[in-house]
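Undergrad: So that you can map any letter, position 379 of the sequence shown is 379 in the numbering used here, and since no number is skipped, the others follow by simple counting. From the three backbone atoms N, C-alpha and C, an ideal C-beta is built for every residue, glycine too. Remember, it's a predicted structure, so these values are computed and weren't measured experimentally.
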Amino acid sequence: MTDYGQELRFGLFPNPDATRVPELLALVQLAEVEGLDLVSIQDHPYQARHLDTWTLLSLLGGRTSEITLAPNVASLPLRPPVVLAKSAATLDLLTGGRVEIGLGAGAFWDAIVAAGGPRRAPRDAVDALDEAVRLMKEFWAGGSLHFAGKHYQATGLHAGPRPAHDIPIWIGAYKPRMLRLTGRLADGWVPSMGYVEPDSLPAMNAAIDEAAEKAGRAPASIRRIYNINGRFGSGGGLLQGDPRAWAEQLAALTLEHGMSTYILGTDNPDDVRRFATEVAPAVRELVDAERAQPSGSSELTHESSTVPADSAPLAVSATQDDGTRLTGQLAWDEASRPTHAEPGGASYPSSLQGQAQHLVDIHDGLRAELEQVRKVLKQVREGHLTVGAARSVINTMTMRQNNWTLGAYCESYCRVVTGHHTLEDRSIFPHLRRAEPDLVPVLERLQTEHEVIHEVLEEFDKALVLLVTSDGVGHGGQDALDQVQQRLDLLTDTLLSHLAYEERELIGPLSRHGLQ
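If you want it as C-alpha cells, here you go:
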C-alpha cells in the first residue's frame, strides 16, 4: 500500500469535438464554477473531428479564471519541443500560471506520418521523449540554449519567455522504459483507466519509484494522475455506482495506490456536477480522515476506538461564534439543545485530536465559502443597481450573466454542504453512536438540524431558480435579488449556529474515538 500524501485534485477530460463548440465551452465553464481543479484536452492533430489542442486551451484560458489547463497528452512527434515549450510558457503567462503539460512519445504512427511527422521505432520514440523533456526544461530556464541530441537540437537559441511558474510535465507511460523515464525526469505520471486497471498500478508505481530513487528523486515528488471513466448508476463495478461508491473507490485508489489526481472523461453536464460537488468533496474527506488515523491504520472501515499511547491534553477548540444572527428566524431553539459532558479523566490521543481538528477545518472552509457567497451576492447587487440605471441591451446581458454566475456558484456551495452532512450522517455519526452511546441525543439533534438545513437550502435554491429565470432588470430583478438575500441570510444564521453547536459537542468525542 502506497499513499504518497499528495493533495487531491479533480479534473475534466472533454471531447474536443469541432461540431459542438458552444457545448464544450459551456461544459468547461461549468467545471470551473462547480469547483473542478483542471481541464485537460487530448492532442491528435491528424483527427479531422478535433479542434486544435493549443488553440482550444488558449480560448479556454480566456474564458476561465482559476482552472488549470493541460494537454493530455501532447503528441510529441507533431509538436517540436522548442515550439511546445514556448506555447506553454506563453499560455502560462497569459493565464497567470495555470498551465501544466502532458507529453506522449507518440501513437497512431500512420496518422502521424500522414500529417508530416516522423515514424519512430519504440526505442527512438522513448529517446526522443527523454530529449524533449530535458530541452523544454532548459528552454523554460531561459538564456542561450546549446542542446545537441539525436532527435532534437537547439544551438545558440535565445530561450524565452519564461513561464509564470514551473510548469509540471506529466508523461503518459505504460512500458518499462517509459516508466523509468517518468521516474527520472517527469513531474507526473498520467495513465488511463482504459489501458491500466487498478490491479496493474502497484507494479507500475514501483518501477517509477525505483527509477526516481536511483536518480536521487523522491517518489512522492511525482504526481500520480489517473484518466478515468465511469457511469453513475447502481452497478457494483469500478465507477459504476452512486457518488458515494465512486468516492469510496477513488479514496481507496489514493490510499492503496497513491493516485492523487482524477480526470473524468465526460461531456455530460450532470456528470460534471456530480463529480465536482458530490464525489470530489467526499473523496477528500475520506482520504483526510484516513491520513489522520494513527500510523499503521489505513482501512476505510476502521472502527477501533482503542486509545494509542500518545495521549495529551485536549488542544482542539471550536471556532468562536459570537451569536450574532441576521434574521431572528431560526427554526430551532438554541437553548433547548441536548449537551454531552466529557467523562472525567478522558484521554485524548494526539493522533485522534488531529481528526477532530479536521472537522473544525472543514467547518472553517464552509464558513469561508459562505462568506464568499455573500460577497458574490453583494457584488451582483451592486452591479444590478449600477447597470439597472443604464437600461442598455449590453448592460442587461451583463446583468443576466452575473445572475447566472451567482446561481451556479451558490448551487455549488449548497451541494458541498449537503455532501458534508450526508457523509456525517452515513459514516461519522454511526461510528460515534457505537463508540459512545451517551452521545446519541446530541447526534439525533444534529441529524434533525441537518434536515432543517436541507429545507433552508431548498428554499435558497428556489430563490436562485427565480433569479436566473428572470430578466434580472427593473423591479422584477430587484425583487428576485431581495429574495435570494433573505434566503441567504437565513442560511447564514442556520448554518453558523449549527456548526458552532456541532463543534462544541463533538470535538471531545472525536478526539477520543476518531472520525471512523
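1) Check whether the stretch 124-139 and the stretch 181-194 touch, using three or more Cβ-Cβ pairs below 8 Å as the test.
2) How about the stretch 70-82 and the stretch 282-296: do they share at least three Cβ pairs that are nearer than 8 Å?
3) With distances taken between CB atoms, is the gap from residue 106 to residue 76 smaller than 7 Å?
4) According to DSSP, which residues form a beta bridge with residue 224?
5) Would you say residue 542 and residue 490 are within 7 Å of each other, going by their C-beta atoms?
6) How should residue 146 be labelled, buried or exposed, when 16 other C-beta atoms within 10 angstroms of its C-beta is the threshold for buried?
7) On the DSSP bridge list, what partners appear for residue 133?
8) Using only CA atoms, which one of 170, 241 and 111 lies nearest to residue 136?
9) Can you tell me the Cα-Cα spacing of residue 452 and residue 482, whole angstroms?
10) If residue 82 sits next to residue 60, beta carbons under 8 Å apart, how far is it from one beta carbon to the other, in whole angstroms?
11) How long is the line joining the alpha carbons of residue 187 and residue 164, rounded to whole angstroms?
12) Please give me, in chain order, every unbroken run of the beta strand (DSSP E) with length at least 3 that falls completely inside the stretch 7-40.
13) Let me check understanding here. Comparing Cα to Cα, which of 284, 506 and 224 lies closest to residue 246?
14) Alpha carbon to alpha carbon, how far is residue 449 from residue 218? Give it in angstroms, no decimals.
15) Using a Cβ-Cβ cutoff of less than 7 Å, which residues in the same chain neighbour residue 257 once the five nearest sequence positions on both sides are dropped?
16) Quick one, which of 351, 383 and 264 has its alpha-carbon nearest residue 514's?
17) Straight-line CA distance for residue 31 to residue 504?
18) How would you label residue 464, buried or exposed, when you count the other beta carbons within 10 angstroms and need 16 or more for buried?
19) Just curious, the alpha helix (DSSP H) that residue 470 is in, first and last residue?
20) Any idea if residue 487 is buried or exposed, counting beta-carbon neighbours within 10 angstroms, 16 or more meaning buried?
21) Helix, strand or coil: how does DSSP classify residue 200 here?
22) If you count every other CB in all the chains shown that lies within 10 Å of the CB of residue 445, and 16 or more means buried, which is it?
23) Using the Cβ count rule (16 or more neighbours within 10 Å means buried), how would you classify residue 94?
TA: Checking against the coordinates, here is how it stands:
1) yes
2) no
3) yes
4) 189
5) Past the edges of the chain, shown from 1 to 516, lies residue 542, and the structure says nothing about it.
6) exposed
7) Partner(s): none; residue 133 has no beta bridge.
8) Measuring from the Cα of residue 136, the nearest candidate turns out to be 170.
9) In this model, residue 452 and residue 482 are separated by some 22 Å (Cα to Cα).
10) About 24 Å; that fails the 8 Å criterion.
11) The straight-line gap from Cα to Cα measures roughly 17 Å.
12) 9-13
13) 284
14) 46 Å
15) 2, 198, 201, 202 and 205.
16) 351 is the residue among 351, 383 and 264 whose C-alpha sits nearest the C-alpha of residue 514.
17) 35 Å
18) buried
19) Unbroken run through residue 470: none, as it is neither H nor E.
20) buried
21) helix
22) buried
23) Note on residue 94: under 16 other CB atoms within 10 angstroms of its CB, so exposed under the neighbour-count rule.
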